[in-house]
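K.L.:
Chains as they are written, first to last, in this note's numbering: chain A, 1 to 343; chain B, 344 to 686; chain C, 687 to 1029.
1. Starting from residue 18 of chain A, trace the beta strand (DSSP E) in both directions and tell me its first and last residue.
2. Thinking just about the alpha-carbon of each residue, which of C:769, C:729, C:897 is nearest to the one in residue 750 of chain C?
3. What does the alpha-carbon distance come out to for the pair residue 523 of chain B and residue 196 of chain A?
4. To the nearest angstrom, report how far apart residue 361 of chain A and residue 815 of chain C are at their CA atoms.
5. Have a look at C:807, C:699, C:792, C:849 and flag the residue whose alpha-carbon is nearest the alpha-carbon of residue 761 of chain C.
6. Closest to residue 795 of chain C by C-alpha separation, out of C:829, C:1007, C:987, C:858, would be which residue?
7. Straight-line CA distance for residue 548 of chain B to residue 572 of chain B?
8. Am I right that residue 741 of chain C and residue 720 of chain C are in contact with their C-beta atoms under 8 Å? What's the rounded C-beta distance?
9. Looking at the unbroken alpha helix (DSSP H) that takes in residue 384 of chain A, where does it start and where does it end?
10. Secondary structure at residue 208 of chain A, three-state DSSP: helix, strand or coil?
11. According to DSSP, is residue 559 of chain B helix, strand or coil?
12. Report the option in B:622, B:632, B:424 whose CA atom is closest to the CA atom of residue 360 of chain B.
13. Taking only the alpha-carbon atoms, compute the straight-line gap between residue 978 of chain C and residue 307 of chain A and give it to the nearest angstrom.
14. Using 10 angstroms around the beta-carbon of residue 66 of chain A, count the other beta-carbons present and answer buried if the total reaches 16, otherwise exposed.
15. Beta-carbon of residue 323 of chain A versus every beta-carbon of chain B: anything under 8 Å?
16. What residues of chain A sit near residue 827 of chain C, judged by a beta carbon separation below 8 Å?
17. On the three-state DSSP scale, how would you describe residue 1001 of chain C?
18. Closest Cβ-Cβ distance between residue 679 of chain B and chain C: below 8 Å?
19. What first and last residue would you give for the alpha helix (DSSP H) that runs through residue 433 of chain B?
20. Does the segment 218-235 of chain A touch the segment 850-861 of chain C, meaning 3 or more C-beta pairs lie closer than 8 Å?
21. Taking the alpha carbon of residue 437 of chain B as the point to measure from, which residue in B:381, B:394, B:655, B:498 has its own alpha carbon closest?
22. Report the three-state DSSP secondary structure of residue 384 of chain B (helix, strand or coil).
23. Could you check how far apart the C-beta atoms of residue 449 of chain B and residue 401 of chain B are, in whole angstroms? I think they sit under 8 Å.
24. Assign residue 895 of chain C to buried or exposed, taking buried as 16 or more other Cβ atoms, counted over all protein chains shown, within 10 Å of its Cβ.
25. Taking only beta-carbon positions, decide if residue 232 of chain A is within less than 8 Å of chain B.
26. Is it buried or exposed for residue 427 of chain B, if we count other Cβ within 10 angstroms and need 16 for buried?
27. Would you say residue 225 of chain A reaches chain B, if we count a Cβ-Cβ gap shorter than 8 Å as a contact?
28. Give the secondary structure of residue 52 of chain A by DSSP, where H, G and I count as helix, E and B as strand, and everything else as coil.
29. Taking C-beta pairs closer than 8 Å, name the residues in chain B that residue 937 of chain C reaches, listed in chain order.
30. Give me, in chain order, the residues of the same chain whose beta-carbon lies closer than 6 Å to that of residue 617 of chain B; leave out the 5 immediate sequence neighbours on both sides.
31. When DSSP labels each residue in this structure, what does residue 320 of chain A get in the three-state scheme?
32. Can you find a heavy atom of the ligand MN that lies under 7 Å from the Cβ of residue 121 of chain A?
33. Reducing DSSP to helix, strand and coil, say where residue 668 of chain B ends up.
34. Going by DSSP, name the residue or residues bridged to residue 615 of chain B.
35. Whose C-alpha, out of C:738, C:690, C:951, C:1007, is nearest the C-alpha of residue 754 of chain C?
36. Please report the straight-line C-alpha distance between residue 101 of chain A and residue 904 of chain C, rounded to a whole angstrom.
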C-alpha cells in the first residue's frame, strides 16, 4: 500500500478536486466500510444517503454531484475512476517469478516462451505452446497440443484438455476445466453410445474465468468464449456454444450446447439456457431465468421460462393478487345469480 | 482422419445409398456447418429446411426420407448411424501408454492390473485395486481401499475417496469428486454434529461423469450410479441416492439424499430433486424443474414445484393472460353494478 | 465396528431402555434398511408406520413414544442420540499419520505445527501457518500467507489462495476453492476492467465445506463463513458476503456479493441470493428460491422471486386453478350479456 494525496489521485483518474486536495489517502473502501484515510465512490445516486454517514476522507463522484461538505473527485465515470485508484493503491496480484520448477513435468517438445513460470507438480504435455510471461500454477495439467498465449495466469488445479487454444492475457481460476467432452450420445435400443467429441475450445484474449467452471469442447468445430468476456464461478458451457465478446456471466450460469450469444450480454446468477438457440447482442437475462427461445438484441428477460421483463413484472404482480381474483369472481357469480333469480 | 466413400460408410452403418456412392467423405458436421467432403445427418424432420442450404456432400437420413437431389444414406436410426460414422472417421480419444510414472505415488500394496497408465503426480493409496488397461491421469487421487475396474479413464484432477467401487469402462472427467461425505448433521442445542458417513459409492459399468461433479458417499449403505447412465458437468448427487441404469442427467442437476431414480430417465439442466422421494422409470424432467414429490413411470414434469407438463403448459399460458383476466373481471364488475343500479 | 448391548448404548446417550437391554447391536441403519443386529431411530412421528416393518433390533425414540413390542431407547433428542451411537459404533474417518511427505512442496519459511500431515504433491507456499494435527491431503495448494488452524482436514485437490484465514477444526472437501478473485469489473467504453480483489476469506472454527465449492475473497475486506456453519457441494459464495454462525447451505446454493446472512439460517438446494441484501437470523429459504430483498428474522420464504411461504402456497394453488378461473370468467360474461340483452 502507498499513500497518495487527493490531488495525485485526481490527476491519475483525470478528475477535478472539490475541497482540500492535500488530504492523504491510504486505502479504498465502500461508503459504508470506509474509515479515516480511505477514498470511496458514489456511482449510483440511490446510495447518496450513505454519503452522509460515511467516514471516507474523500469520495469519487460524477461531474454533476453536489456534496458541498465533502472532499470530492469529480469525474465522468466514478466507478471506473475508483477501479483506477484501487489499482494504484493496491496493485494487482503479483506472481512470483519461479521459472520452470524441477518438480513440474514439462514435455521435451513443449514450446515454452520467455519468463514463463511453471510451478511444482504442474504437467505440460507434448506439443503444448505457452507464450511469454505466462504463469501456470501448481497441479495444473495442460493437455497435448494445447496453445496458451502470453501474460496468462492459470491458478492451481486447472485442467486444460488436449487441443485447446487460449489467447493472451487470459486468467483461469482454480478447479476450472476446459475442453472436457461434451454431453453427446446417440441412444440406440436403450443404450447411450458416445459420440467422439473431436472439436476444441477457443478462449479469446482478455477472458477471465472463475473457479470450478466447466467448458465443454466442441463435438465437431469449437466452443468459443469471446474476447474480453468474464465468467464467474461454477459455470457450465456446452459443446459448440459461442459466446460473443465482452459478455458477463454471473456464477452458476449453465448454457447448453450450440447456443450463440452476442456481445455485451449480461447473464444473472443461475441462469439456464437450452441448446440450439440464439441470444442477440446486449441482452440482459435476470438471475435464475430459463431461456428456451431466441432473444433479440437488447431485450431484458426474466423468469423460467423467460419472457420480457416488462410483461413478467405485470403477471407476477397479478400472481400475488390471485386470492383477490378468486374472491371477486365468487362475488360476481353470487351477484349475478341473485340478479337472475330476482329477475 | 481418413477418407471413405459413401458406399463404404453405408456398408459400415448398414444403410442404403441413394445417389452417387463414390463420393469421398473426409469429415462429419451438422447440416449448417458441413462443407465439401462432409457427411451430415437429418434425424428430426423439423430441420429438413436446413438440408436445402447445407453444403454437405452426403446426408444420413431415415428410411422414409425423400430428398431426391442429395446423396443420401438411408437407415433406421440416422443419429446412431452418424455416431458410427464419426467414430469411423475420427475415432475416440487415444490414451498414450505411459505405464506407471515414476513421478506418480502408488502404494506398495495397491493391486494394479496389466497395461495400466498412472500419470505424473497421481496418487494411488493403500489397498486400491485397478483393473487392466485403465488410465489414471495426472494429479488424480484414489483413496484407500477403492476398486476401479478395467478400461476406465480418470482425467486429471479427479478425486475418489476411500472405499468406493467403480465398474468397468467408466469415464470420469476432470475435477469430479466421488465419495466425499454427505451433508449429514444432527442439530442439538443449536450446534450441528457431524454424522459419520460410513457408506460408499458404487459407480456401475459404462457410466460417464462430466467435469466438476460431486457424488456423495452413503451415510450407511451406498450411493449408486446405475449402469450406462451418463452425467454431464457440475452435478451434485446426495448420499444414498440410487440412480437406475441408462439415465441421462444434464449439467448442474442436483439430487438430494436417499432419492430413488428409475432407468432411462432424462433430467434437464439445473433440475433439483428433494430428498427421500422416488422417481419412476423413463421419467422426463424439464430443465430447472424442482421435484418435490414421487413421479410415476413415464411421466414428463416441468416447473418448480414440478407438475405434469400438460397441466403446466395450460396454467403458464394463462399466467400470461392474467392482465386480460383482471381487465375482464373489472368490466364484468362494472357491467353488473350498472345492471343492479339500473334494475 | 464394535458390538455393544442396548444397555451400553442407552448409557452412552443418556437414554432409558424399554425391553431387553441385553440385545447386542453391531450396526446402525434407517428403519427401512436395518436388519438383525442394527439399531435405528424414529425422530419424526410421520415415519411411525415404518417401525412396523422395520427389522431393526432396537430403536431410539422420543421420551413419549409408545411402541410396546419393540426394544427401545427413549431419550430427549433421538436423532442426536442416533448420531452419538453411529460415532460410537463406526467412529469418524481416521487420517493416517504420514507426517510431511518428501514429495510435498513446503516453503522453507512455512510455520508448520506438531503432528501435521502433508501428503504427496501438496504445495504449501511461503509465509503459510498450519496448526497442530492438521492434515493436508495430496495435490492441495495453500497460497502464500494463508493461516490454517489446528485439527483441520483439507481433502485432495483443495486450493486455498493467498492471505486466507481458516480456523480450527475446519473440514474442506476435495475440489473446493477458497479465495479466488470475486467478480468485480468496472465497465468503461464497453470494456470490463478488473478491480483488484485485495480482501481475504475468513473461515471460522468448526466449519465444514463440501466438494467443488467456490468462496470468493473480498474486494476490500473479507468474505466470512461463520463458526459452525456447514456448506454442502458446488456452492458459490460471492465477495464480501458474510454468513453468520451455525447456518446450513444445501448443495448448489449461490450467494452473490456483499450479502449478510444471520445465524442458524437454512438454505435449500439451488437457492440463489442477489447481492447487497440482508438475511436475518433463523431464516429458512426453500430449495430453488431466488431471494432479491431483505428477509427478516425467522421468516420462511420460497419461490423465485422469493416470498413468504404462506402467501406463496396460496397463490401457487390458485395458479393450478387458472383454467377454472378462465372458464368461470367466460360463463359469467355470457350470463351477463344474456341478462343485458334480455333486460
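Cβ coordinates follow ideal geometry from the N, Cα and C atoms, glycine included.
These numbers were taken from a predicted model, which means no experiment stands behind them.
P.N.:
Taking the coordinates as given:
1. Counted from its first residue, the first chain places residue 18 of chain A at position 18. Here the beta strand (DSSP E) through residue 18 of chain A covers 16-18.
2. In the third chain, the residue the question calls residue 750 of chain C occupies position 64. Taking only the C-alpha atoms, the option nearest residue 750 of chain C is C:729.
3. The count along the second chain starts at 1 and reaches residue 523 of chain B at position 180. The count along the first chain starts at 1 and reaches residue 196 of chain A at position 196. Computed Cα separation, rounded: 30 Å.
4. In the structure as shown, chain A starts at 1 and stops at 343, and residue 361 of chain A therefore has no counterpart that could be examined.
5. On the third chain, residue 761 of chain C is found 75 positions in, with the first residue counted as 1. When each option's Cα is compared against that of residue 761 of chain C, the closest is C:699.
6. Taking the first residue of the third chain as position 1, residue 795 of chain C is located at position 109. Minimum Cα distance to residue 795 of chain C is reached at C:829.
7. By one-based count along the second chain, residue 548 of chain B stands at place 205. By one-based count along the second chain, residue 572 of chain B stands at place 229. Distance between the alpha carbons of residue 548 of chain B and residue 572 of chain B is about 9 Å.
8. Residue mapping note: residue 741 of chain C aligns to position 55 of the third chain, counting from 1. Residue mapping note: residue 720 of chain C aligns to position 34 of the third chain, counting from 1. Contact holds; Cβ gap of about 6 Å.
9. In the structure displayed, chain A extends from 1 to 343; residue 384 of chain A sits before or after that span and is not available.
10. Numbered from 1 along the first chain, position 208 holds the residue referred to as residue 208 of chain A. Residue 208 of chain A falls in the strand class under three-state DSSP.
11. Taking the second chain and counting its residues from 1, the one referred to as residue 559 of chain B is at position 216. In the structure shown, residue 559 of chain B falls within a strand segment according to DSSP collapsed to helix, strand and coil.
12. Locating residue 360 of chain B in the second chain gives position 17, counting from the first residue. Closest by C-alpha distance to residue 360 of chain B, out of B:622, B:632, B:424, is B:424.
13. Sequence index remark: in the third chain, residue 978 of chain C carries index 292 (1-based). Sequence index remark: in the first chain, residue 307 of chain A carries index 307 (1-based). Whole-angstrom Cα-Cα distance: 18 Å.
14. In the first chain, residue 66 of chain A corresponds to position 66, counting from 1. Exposed, because fewer than 16 other Cβ atoms sit within 10 Å of the Cβ of residue 66 of chain A.
15. For this step, residue 323 of chain A is matched to residue 323 along the first chain. Residue-level contact by beta carbon fails for residue 323 of chain A and chain B, as no gap is shorter than 8 Å.
16. To locate residue 827 of chain C, count along the third chain from 1; it is residue 141. Neighbours of residue 827 of chain C on chain A, chain order: 137, 138, 139, 156, 157, 174.
17. Numbered from 1 along the third chain, position 315 holds the residue referred to as residue 1001 of chain C. In the three-state reduction of the DSSP assignment, residue 1001 of chain C falls in the helix class.
18. Your numbering for residue 679 of chain B matches position 336 in the second chain. Closer than 8 Å to the CB of residue 679 of chain B there is at least one CB belonging to chain C.
19. On the second chain, position 90 is the one that residue 433 of chain B refers to. Taken as a continuous stretch (DSSP letters only), the alpha helix (DSSP H) holding residue 433 of chain B covers 421-433.
20. The segment 850-861 of chain C, when compared against the segment 218-235 of chain A, does not touch it at the 8 Å Cβ threshold.
21. By one-based count along the second chain, residue 437 of chain B stands at place 94. Cα-wise, what sits closest to residue 437 of chain B is B:498.
22. Counting from one through the second chain, the residue named residue 384 of chain B turns up at place 41. In this structure, residue 384 of chain B counts as strand in the three-state DSSP scheme.
23. Stepping through the second chain from its first residue, residue 449 of chain B is reached at position 106. Stepping through the second chain from its first residue, residue 401 of chain B is reached at position 58. Taking the Cβ atoms as the reference, residue 449 of chain B lies roughly 49 Å from residue 401 of chain B, outside the contact range of under 8 Å.
24. Within the third chain, residue 895 of chain C is the residue found at index 209, counting from 1. Around the beta carbon of residue 895 of chain C, 16 or more other beta carbons sit within 10 angstroms, so the residue counts as buried.
25. Indexing the first chain from 1 puts residue 232 of chain A at position 232. By this cut-off, residue 232 of chain A is not an interface position.
26. As a first step, residue 427 of chain B is located in the second chain; it is residue number 84 there, counting from the start. Residue 427 of chain B is buried by the Cβ-count criterion.
27. Taking the first chain and counting its residues from 1, one reaches residue 225 of chain A at position 225. False, the Cβ-Cβ gap to chain B never drops below 8 Å.
28. Counted from its first residue, the first chain places residue 52 of chain A at position 52. When secondary structure is reduced to three states using DSSP, residue 52 of chain A falls in the helix class.
29. For the purposes of this step, residue 937 of chain C is taken as residue 251 along the third chain, with counting starting at 1. The answer, in chain order, is 526, 557, 579, 581, 597, 599.
30. Position 274 of the second chain, counted from the first residue, corresponds to residue 617 of chain B. Within the same chain, residue 617 of chain B has close Cβ partners 599, 635.
31. Indexing the first chain from 1 puts residue 320 of chain A at position 320. In the three-state scheme derived from DSSP, where H, G and I count as helix and E and B as strand, residue 320 of chain A is classed as helix.
32. Ligands are entirely absent from the displayed structure, and the ligand MN is therefore not among its contents.
33. To locate residue 668 of chain B, count along the second chain from 1; it is residue 325. In the structure shown, residue 668 of chain B adopts helical secondary structure according to DSSP, grouped into three states.
34. Here the question's residue 615 of chain B lines up with position 272 in the second chain. Residue 615 of chain B is bridged by DSSP to B:597, B:633.
35. The residue labelled residue 754 of chain C in the question sits at position 68 within the third chain. Minimum Cα-Cα distance from residue 754 of chain C among the listed residues C:738, C:690, C:951, C:1007 corresponds to C:738.
36. The sequence position of residue 101 of chain A within the first chain is 101, counting from 1. The sequence position of residue 904 of chain C within the third chain is 218, counting from 1. A direct Cα-Cα distance of roughly 30 Å separates residue 101 of chain A from residue 904 of chain C.
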